[in-house]
Every structure is written in structure tokens, then in C-alpha cells.
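**Q** Heads up: the sequence shown at position 278 corresponds to 278 in full-length UniProt numbering, and the numbers run straight through without jumps.
Pasting in a structure now, in C-alpha cells, and then I'll have a few things to ask.
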Amino acid sequence: MNYQHIIDINPEQETERLAALDKYMIFNSADEPGFKQICQLAATIFKVPIAHISFIGEHQEFLKEQVGIDPDLKLVDRDVSLCNLALLQPEVKVIEDALVEPLLKDNPYVHGDFGLRFYAAAPIVSPEKQIIGTMCLVDLKPRSLTEHEKAILSDLARVVMEQTELRLSNLQLLREKDDFIGIASHELKTPLTSLQGSLQILDKLKEQPGSAMIPVLISQANKSLKKLTTLVTDLLHVNRMSSGQMELRQTLFTLADMINGCCADIRNTGDYKISLRGDISLQVYADESHIEQVIVNMVNNAIKYAPESMEIEIHLTALENDVRVTVIDKGKGIDPKNVPHLFDRYFRADHSGLQFSSLGLGLYISAGIIKKHGGEIGVNTALGKGSEFWFTLPLLK
Numbered sequence: 001m002n003y004q005h006i007i008d009i010n011p012e013q014e015t016e017r018l019a020a021l022d023k024y025m026i027f028n029s030a031d032e033p034g035f036k037q038i039c040q041l042a043a044t045i046f047k048v049p050i051a052h053i054s055f056i057g058e059h060q061e062f063l064k065e066q067v068g069i070d071p072d073l074k075l076v077d078r079d080v081s082l083c084n085l086a087l088l089q090p091e092v093k094v095i096e097d098a099l100v101e102p103l104l105k106d107n108p109y110v111h112g113d114f115g116l117r118f119y120a121a122a123p124i125v126s127p128e129k130q131i132i133g134t135m136c137l138v139d140l141k142p143r144s145l146t147e148h149e150k151a152i153l154s155d156l157a158r159v160v161m162e163q164t165e166l167r168l169s170n171l172q173l174l175r176e177k178d179d180f181i182g183i184a185s186h187e188l189k190t191p192l193t194s195l196q197g198s199l200q201i202l203d204k205l206k207e208q209p210g211s212a213m214i215p216v217l218i219s220q221a222n223k224s225l226k227k228l229t230t231l232v233t234d235l236l237h238v239n240r241m242s243s244g245q246m247e248l249r250q251t252l253f254t255l256a257d258m259i260n261g262c263c264a265d266i267r268n269t270g271d272y273k274i275s276l277r278g279d280i281s282l283q284v285y286a287d288e289s290h291i292e293q294v295i296v297n298m299v300n301n302a303i304k305y306a307p308e309s310m311e312i313e314i315h316l317t318a319l320e321n322d323v324r325v326t327v328i329d330k331g332k333g334i335d336p337k338n339v340p341h342l343f344d345r346y347f348r349a350d351h352s353g354l355q356f357s358s359l360g361l362g363l364y365i366s367a368g369i370i371k372k373h374g375g376e377i378g379v380n381t382a383l384g385k386g387s388e389f390w391f392t393l394p395l396l397k
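Right under this line is the structure:
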């Protein structure tokens, strides 16, 4: 019997429910000990021969784990799934005697060899209040559940939801790790290959001390070494941030002096104009090397992703309790879909078809540094109007 022609399942709500389920990537997944242990606990507490955790897809019920059922039984058509009935209510669904339940008069699990008589299911409810599955009890004889027992079954369903959330977090961490390994391997390989090539050629030229190629190769080798040093330093910063071991060596310094110093190399190339504006007398009590890293990262981002902006402005502003530093470019701006992720670890946006090598750690590290100082960091941007990356530091009074 097709329950979906009998019970009222709102199509719009069903679409939202399926979207909530899809987020967890759990349908048709392999057996996992955590879910198995919950099933075994349920069977023991309620003294039933059968317990299972199910997730309800569009057309089928997926038995994630089960006790007392053939382990090869993983998919049940929703047309005959009792768990389909449990989607209708947020409370525990109890069928004390399936033989007298009108909706189950043709159900093969009730009237066939399986011999199901008692069924109870607590909904597994996502944070979005969507019922994505059920924690189920089955017996081959009629029985009932007290209100206290229903509450326990609901608690077990919440444990299943917590386990599902934990599983998703672990999957995301594994994906991040795999992504990072791929990115890091590529980014480290590029300067290593260049450095190796330069050294090999230099080795061949060692008997020709006057060769014009030697200074060029040494310069190239130094650039590759600097790139490697930056990559390794970023990795160390991330490791310290993740373990809560980032240390600040705070001193009193003038922001304008620090900015002029760290931007000198960029100015000397003559390719970009760095304009410092605002109150150049502002002083802060902070870790100068870390704040310099934030400034350099923001300026380098402006150069990489807004190459047509030949002038980069750095504004220093005294607020009521903070100093605000703003790095402004006149580039094409950032796609709104990328803005929420700019300060995420490993995020590397494709800016108008421009792709640059990086680990995607610069802004993530910058955010960690500023937050460690008790400040805030953010961006204001609009397509066609450029970007303003900014951060604040407590004002020294």
C-alpha cells in the first residue's frame, strides 16, 4: 500500500526535509560503530528483538544500522515503510498492534513472514526542525510504551542526531585535510622545483665565475627560497593558532612608521603607489611583526587581485576606543558569493579569472592575529567599485 497517497505530505515541506537530509551525506553510507552502539543500547533498554536507525529519502528508507534484522537489508521502499508514517508528527509514533492498524492492512512486513506487531519510532530532528529519520523499536508481539519510555526513546533519537552532526564535522575535516594536502603539495613543489633548477645550473657554471647568468640564477633561487619560507611560516602560524599557542610580543609603536617600512619594497619597484592617509601620529600597543604581517597581506592581496589599481590607499583613523586601518584598492571588487568565505582557512577565490598560487591562509591568519589583539577585521566591497579591507586595534590612550 502506498502511504504517500493516503497520508498528507506537503510537497514544499518534503523538499526542505530532503535538503536537510542531503546535507549530512549519510544516505547509503557504510556501517559505523557509533550508530550500531546506539541501536544495541535501544534494544537492551526496551528489551525488544529489533531496533534500527533509519533515514528517510525521497523514495526509500535507508537503515543506517540495525539489530535483529538481516544486515543486508538496507533499503525499504517508502510505499511500505512504517517509518514513513513517523514523518507526520514530531512526537513518538507508537503502533501497539499492527494487525489492527487500518493503514497497515496490506503491509508485507505485518502480514507476511516478518510478522511485525509492535512498532515505535522517535523522529530524528535536524537543527532546521526537519525530520530526517527515525530511531525505531520493533517487536513480534503487541506491547505499549509508557510516557517515560517515550521520553527515553526521544533522547536516543537526539543522540543519533548528535552522532550525525559529529559525523558530518568529521567528514568536513577530512575533506579540508585532503584539500590542504593537495594545495600544499602543489604550492611547495613549485618553488622547490625552481630552486632545484637554479642550483643545478649554478653547479654547472661554478667553473665560469664571470657568467652573466649567475646573478640571475641567484636572484631566482632567493625568490624561491623566500616563497618557501613564507609558506612554511604560514603553516606554523596556523598550527599555533589551532593549538591556541600564538604569542604576542607587544610594544608601543607608531603605525605610520611601521607601514612605511613594510611597504618600502613595493614602493621601490615603482609599479604601485602606496598612499598613507589620515592621522599618521597614531600609536598602538601591539605585536609589531604580527600587525606588519596583516598589512603586507592586505597590500599584496590588493596588488594580486586588483592589478589595474595602480594606487593603493592606507587610511589611519582614530575611533572612540580603537584605531582603524583600511587598505583600499580601486579594482573590480569581489563577487558577493565569496565575501562570507574570505577569512576562512584554505579559501582561494577565483577573482575575475585571475588565479594565483597560495595556500589560502593569508586572511585567515590575519583574522586570527587581529582577534588575538582584541580587534575586529572585515571587508567592504562592491563589484566595479573596488575593495576596502580593514581592521581595528585598541587605541592607546
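Backbone N, C-alpha and C define an ideal beta-carbon position, used for all residues, glycine too.
Just so it is clear, the structure is predicted and the values come from calculations on it, not from any experiment.
Could you have a look at His148 and say whether DSSP puts it in helix, strand or coil?
**A** As a working note, residue 148 is residue 148 in the sequence shown. His148: helix per DSSP, three-state reduction.
**Q** Measuring only the C-alpha atoms, how far is Pro11 from Lys93?
**A** Position 11 of the sequence shown, counted from the start, is the residue given in the question as residue 11. Position 93 of the sequence shown, counted from the start, is the residue given in the question as residue 93. If you take the alpha carbons of Pro11 and Lys93, they lie about 21 Å apart.
**Q** My parser needs the alpha helix (DSSP H) runs of 4 or more residues fully inside the stretch 281–348; what are they?
**A** You should have 288–305.
**Q** Taking the C-alpha atoms as reference points, what is the distance between Leu205 and Leu217?
**A** One-based indexing of the sequence shown puts residue 205 at position 205. One-based indexing of the sequence shown puts residue 217 at position 217. The straight-line gap from Cα to Cα measures roughly 10 Å.
**Q** By a C-beta neighbour count over all protein chains shown, 10 Å radius and 16 as the cutoff for buried, is Gln355 buried or exposed?
**A** The sequence position of residue 355 within the sequence shown is 355, counting from 1. Only weak support is given to the placement of Gln355: the predicted model assigns it a pLDDT of 45, under 50, and the value that follows is read from those uncertain coordinates. So Gln355 ends up on the exposed side.
**Q** Under a three-way DSSP split, which group does Ser54 fall into?
**A** Here residue 54 is taken as the residue at index 54 of the sequence shown, counted from 1. Strand.
**Q** To which residues of the same chain is Gly353 closer than 6 Å at the C-beta, ignoring the five residues directly before and after it?
**A** The residue given as residue 353 occupies position 353 in the sequence shown. In this predicted model, Gly353 has a pLDDT of only 45, less than 50, meaning its place in the structure is not dependable; the value taken from the coordinates is given anyway. Contacts found: none.
**Q** Would you tell me roughly how many angstroms separate the C-alpha atoms of Ala318 and Ala256, rounded to the nearest one?
**A** Within the sequence shown, the letter at position 318 stands for residue 318. Within the sequence shown, the letter at position 256 stands for residue 256. Whole-angstrom Cα-Cα distance: 13 Å.
**Q** Using the Cβ count rule (16 or more neighbours within 10 Å means buried), how would you classify Ala382?
**A** Within the sequence shown, residue 382 is the residue found at index 382, counting from 1. Exposed, because fewer than 16 other Cβ atoms sit within 10 Å of the Cβ of Ala382.
**Q** Nearest to Arg175 by CA position, among His373, Asp79, Glu388, Arg345, is which residue?
**A** By one-based count along the sequence shown, residue 175 stands at place 175. Nearest option by C-alpha distance: Arg345.
**Q** Between the Cα of Glu96 and the Cα atoms of Asp139, Ala86, Val67, Asn84, which residue gives the shortest distance?
**A** Taking the first residue of the sequence shown as 1, we reach residue 96 at position 96. Per the Cα distances, Asp139.
**Q** Report all residues from its chain with a CB closer than 6 Å to the CB of Gly57; omit the five preceding and five following residues, and keep chain order.
**A** Taking the sequence shown and counting its residues from 1, one reaches residue 57 at position 57. Around Gly57: Phe27.
**Q** Can you tell me which of Leu82, Leu87, Leu88 puts its alpha carbon nearest to the alpha carbon of residue 399?
**A** Nothing in the structure corresponds to residue 399, since the chain is present only between 1 and 397.
**Q** Give the straight-line distance between the Cα atoms of Ser224 and Leu192, rounded to the nearest whole angstrom.
**A** Taking the sequence shown and counting its residues from 1, one reaches residue 224 at position 224. Taking the sequence shown and counting its residues from 1, one reaches residue 192 at position 192. Going by the C-alpha atoms only, they are around 7 Å apart.
**Q** Secondary structure at Pro108, three-state DSSP: helix, strand or coil?
**A** Position 108 of the sequence shown holds residue 108. DSSP places Pro108 in helix when its eight states are reduced to three.
**Q** Distance, Cα to Cα, Ile303 vs Met246?
**A** Reading the sequence shown from its first residue, position 303 is the one you call residue 303. Reading the sequence shown from its first residue, position 246 is the one you call residue 246. Near 28 Å, if we compare the C-alpha coordinates of Met246 and Ile303.
**Q** Return the chain-ordered list of same chain residues with a C-beta closer than 7 Å to the C-beta of Val294, the five sequence neighbours on each side being excluded.
**A** To locate residue 294, count along the sequence shown from 1; it is residue 294. Here the set comprises Ser366, Ile369, Ile370, Phe391.
**Q** Give the range of the alpha helix (DSSP H) segment to which Asn84 is assigned.
**A** Position 84 of the sequence shown holds residue 84. Start and end: 83–86.
**Q** From what residue to what residue does the beta strand (DSSP E) around Gly386 run?
**A** Against the sequence shown, residue 386 aligns to sequence position 386. Unbroken beta strand (DSSP E) run through Gly386: 386–394.
**Q** Leu104: which of Ile132, Cys263, Glu91, Asn84 sits nearest, CA to CA?
**A** Numbered from its first residue, the sequence shown carries residue 104 at position 104. For the residues Ile132, Cys263, Glu91, Asn84, the minimum Cα distance to Leu104 belongs to Asn84.
**Q** Here's the rule I'm using: 16 or more other beta-carbon atoms within 10 Å means buried, otherwise exposed. How should residue 408 be labelled?
**A** In this structure the chain extends from 1 to 397, so residue 408 is not present and cannot be described.
**Q** Counting only the same chain and skipping the five closest in sequence on each side, list residues whose C-beta sits under 8 Å from that of Gln66.
**A** Here residue 66 refers to the residue found at position 66 of the sequence shown. Result list for Gln66: Cys39, Ile50, Ala51, His52, Ile53, Leu73, in chain order.
**Q** Rounded to a whole number of angstroms, what is the C-alpha to C-alpha distance between Gly386 and Leu393?
**A** Within the sequence shown, numbered from 1, the residue matching residue 386 stands at position 386. Within the sequence shown, numbered from 1, the residue matching residue 393 stands at position 393. Between Gly386 and Leu393, the C-alpha separation is close to 24 Å.
**Q** What are the boundary residues of the alpha helix (DSSP H) that Phe118 is part of?
**A** As a first step, residue 118 must be located in the sequence shown, where it is residue number 118. Unbroken run through Phe118 is the beta strand (DSSP E), 118–125; no alpha helix (DSSP H).
**Q** Would DSSP call Ile214 helix, strand or coil?
**A** For the purposes of this step, residue 214 is identified with residue 214 of the sequence shown, where counting begins at 1. Helix.
**Q** Could you tell me if Lys64 is buried or exposed, where buried requires 16 or more neighbouring beta carbons within 10 angstroms of its beta carbon?
**A** Here residue 64 refers to the residue found at position 64 when the sequence shown is read from its first residue. Label assigned to Lys64: buried.
**Q** Out of curiosity, what's the CA-to-CA distance linking Thr15 and Met25?
**A** Along the sequence shown, read from residue 1 onward, the residue named residue 15 stands at position 15. Along the sequence shown, read from residue 1 onward, the residue named residue 25 stands at position 25. In a straight line, the C-alpha of Thr15 is about 16 Å away from that of Met25.
**Q** Do the stretch 151–164 and the stretch 115–124 meet, that is, are 3 or more Cβ pairs less than 8 Å apart?
**A** Judged by Cβ distances under 8 Å, the stretch 151–164 makes contact with the stretch 115–124, as three or more pairs qualify.
**Q** Please look up how many angstroms separate the CB atoms of Leu342 and Val379, rounded, as I've assumed it's under 8 Å.
**A** For the purposes of this step, residue 342 is taken as residue 342 along the sequence shown, with counting starting at 1. For the purposes of this step, residue 379 is taken as residue 379 along the sequence shown, with counting starting at 1. Leu342 to Val379, Cβ: 6 Å. Contact.
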